[in-house]
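Take 43 as the starting number for the sequence shown in the working numbering and just add one per residue. We treat Cβ as the ideally placed atom computed from N, Cα and C, and that holds for glycine. Since the structure comes first, as structure tokens, the remarks are kept for the end.
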Amino acid sequence: MGARLRNTQARAAEHGRLRTGYTQGNRPMRSATWVVTSHSEEHVRKAAELWGGEPEQWQPLNSTISQWRVITKASSIEALITPGDPLNQYNEMWSKGGCQRRCDGETETLTRQPCICAARFGEDWHLQKKGVVCSTTSRLNVMLPDLSGMGMWRAETHSFYAAQEWPGMVDMVLAGTNGKGFIPVTLRIEPRQRVANGETKKFPVVVVELRGITPRQALAGPVNAATALNPGVTPQAVAAIEGPKGRDWLAEAAGALTSDDVRDLWMEAQQTGDVHPKGTDPLSKQLMAIAAEKDAENATPNQGPEPDENGVYDAEVVSDETGPVTWPATRQPASR
């Protein structure tokens with residue numbers, strides 16, 4: 043690997059946003075399905091293919107730069123939590139002039155004053171009208187494995203309840219992976235309601251859930267990329283799809299001089315777990331067929347078998363499709 047700058051933080055580019063609302067004219071609207079926005083038309087059109095909806099050009103409020111967006115028909119999408127800490131949370135207040143407040147719940151970081159909202163309205167400050175107090179803002183960076191590009195997508199919500207649930211989920215995952223590896227998750231918009239002061243309020247909450255793996259797997263350590271991309275698929279099935287890893291036993295066997303060399307390769311493959319000890323797996327049978335070809339190539343015409351220096355005759359390799367196949371016991375594999 044090449045060199046990296048030590049005084050900068052490496053990060054993937056942001057491809058776009060995953061939103062739970064959209065603007066209709068100047069009016070903000072909540073959405074029961076995901077809204078995907080990006081500067082890239084290609085990303086948005088691919089999202090529309092996957093999750094429905096019609097791509098359209100769109101200009102965010104207070105911006106002169108147009109983007110693309112699609113209001114999908116999907117309330118759940120598949121994503122990957124990437125290495126590092128993907129979650130960022132603040133209580134924020136924005137205006138046309140930019141961010142006016144950014145509070146960590148205790149200290150307003152721009153002015154270094156104690157939390158202004160809590161000082162004015164108490165612990166239930168979040169029940170005040172929007173614009174009077176800060177908005178609880180949670181941003182989760184994820185990768186969408188079915189969209190093009192290796193960059194990140196920011197899922198953003200202003201839900202007070204999601205702000206309580208997201209860190210619990212993310213911190214449990216980080217406790218198991220130590221911020222290494224990928225974790226497959228589902229981002230689901232869940233409708234909820236709250237009854238207070240005789241009024242029922244309905245609102246959406248984004249829920250982050252494990253996808254295709256158990257808590258045992260998530261907490262046991264980093265999940266390998268094959269499992270993260272194909273959660274719920276057994277390692278054997280993944281291996282069958284992707285093909286054998288590590289050494290190319292068939293290529294080495296094809297380049298061997300004798301069947302004995304092929305048998306030695308089979309013994310090494312058995313030690314690495316690439317073949318079954320009884321020789322009933324497809325790779326073993328292919329190696330046996332190559333060994334038989336080597337015997338045929340090296341056979342002397344019109345001459346019967348001769349014993350080796352120990353008086354032992356080489357046994358014929360016989361493949362029985364209905365039962366296990368064993369290698370001759372008279373020949374000890376050479377050490378390598």
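Alpha-carbon to alpha-carbon, residue j and residue i
i: residue 232; j: residue 207; result: 13 Å
i: residue 60; j: residue 289; result: 42 Å
i: residue 262; j: residue 218; result: 6 Å
i: residue 229; j: residue 57; result: 17 Å
i: residue 75; j: residue 94; result: 10 Å
i: residue 174; j: residue 135; result: 9 Å
i: residue 312; j: residue 273; result: 28 Å
i: residue 170; j: residue 183; result: 28 Å
i: residue 111; j: residue 65; result: 11 Å
i: residue 225; j: residue 252; result: 8 Å
i: residue 328; j: residue 292; result: 8 Å
i: residue 125; j: residue 334; result: 49 Å
i: residue 314; j: residue 326; result: 13 Å
i: residue 41; j: residue 303; result: In the structure as shown, the chain begins at 43 and stops at 378. Residue 41 is therefore absent and cannot be evaluated.
i: residue 1; j: residue 264; result: Because the chain here runs from 43 to 378, residue 1 falls outside it and cannot be looked at.
i: residue 341; j: residue 332; result: 14 Å
i: residue 80; j: residue 179; result: 20 Å
i: residue 90; j: residue 246; result: 22 Å
i: residue 285; j: residue 123; result: In this predicted model, residue 285 has a pLDDT of only 46, less than 50, meaning its place in the structure is not dependable; the value taken from the coordinates is given anyway. Answer to the nearest angstrom: the Cα atoms are 26 Å apart.
i: residue 309; j: residue 330; result: 12 Å
Where the alpha helix (DSSP H) containing residue i begins and where it ends
i: residue 211; result: 202-219
i: residue 291; result: 291-296
i: residue 135; result: From DSSP, residue 135 is part of no alpha helix (DSSP H) but of the beta strand (DSSP E) over 129-137.
i: residue 258; result: 257-261
Residue interval of the beta strand (DSSP E) (run including residue i)
i: residue 304; result: Unbroken run through residue 304 is the alpha helix (DSSP H), 301-314; no beta strand (DSSP E).
i: residue 141; result: 140-145
i: residue 66; result: 56-66
i: residue 271; result: Note, residue 271: premise wrong, no beta strand (DSSP E); alpha helix (DSSP H) at 267-271.
i: residue 98; result: 98-100
i: residue 170; result: From DSSP, residue 170 is part of no beta strand (DSSP E); its letter is neither H nor E.
i: residue 231; result: 225-238
Simplified DSSP assignment, three categories, for residue i
i: residue 244; result: strand
i: residue 81; result: coil
i: residue 162; result: helix
i: residue 192; result: coil
i: residue 45; result: coil
i: residue 122; result: strand
i: residue 331; result: helix
i: residue 91; result: helix
i: residue 326; result: helix
i: residue 336; result: helix
i: residue 86; result: helix
i: residue 345; result: The pLDDT assigned to residue 345 is 49, lower than 50, so where the model puts this residue is not dependable; a value taken from the coordinates is nonetheless given after this. Residue state, collapsed to three classes: coil.
Buried versus exposed call for residue i [16 or more other C-beta atoms within 10 Å across all chains shown]
i: residue 88; result: buried
i: residue 164; result: exposed
i: residue 336; result: buried
i: residue 85; result: buried
i: residue 306; result: buried
i: residue 143; result: buried
i: residue 103; result: exposed
i: residue 71; result: exposed
i: residue 379; result: Nothing about residue 379 can be read from this structure; the chain reaches only from 43 to 378.
i: residue 344; result: With a pLDDT of only 47 at residue 344, under 50, the local geometry of the prediction cannot be trusted, and the value read off the model is given with reservation. So residue 344 counts as exposed.
i: residue 212; result: buried
i: residue 223; result: buried
i: residue 201; result: buried
| message | Counting beta carbon pairs with one atom in the stretch 149-157 and one in the stretch 191-199, are three or more of them shorter than 8 Å? | response | Fewer than three Cβ pairs drawn from the stretch 191-199 and the stretch 149-157 lie within less than 8 Å of each other, which leaves the two stretches out of contact.
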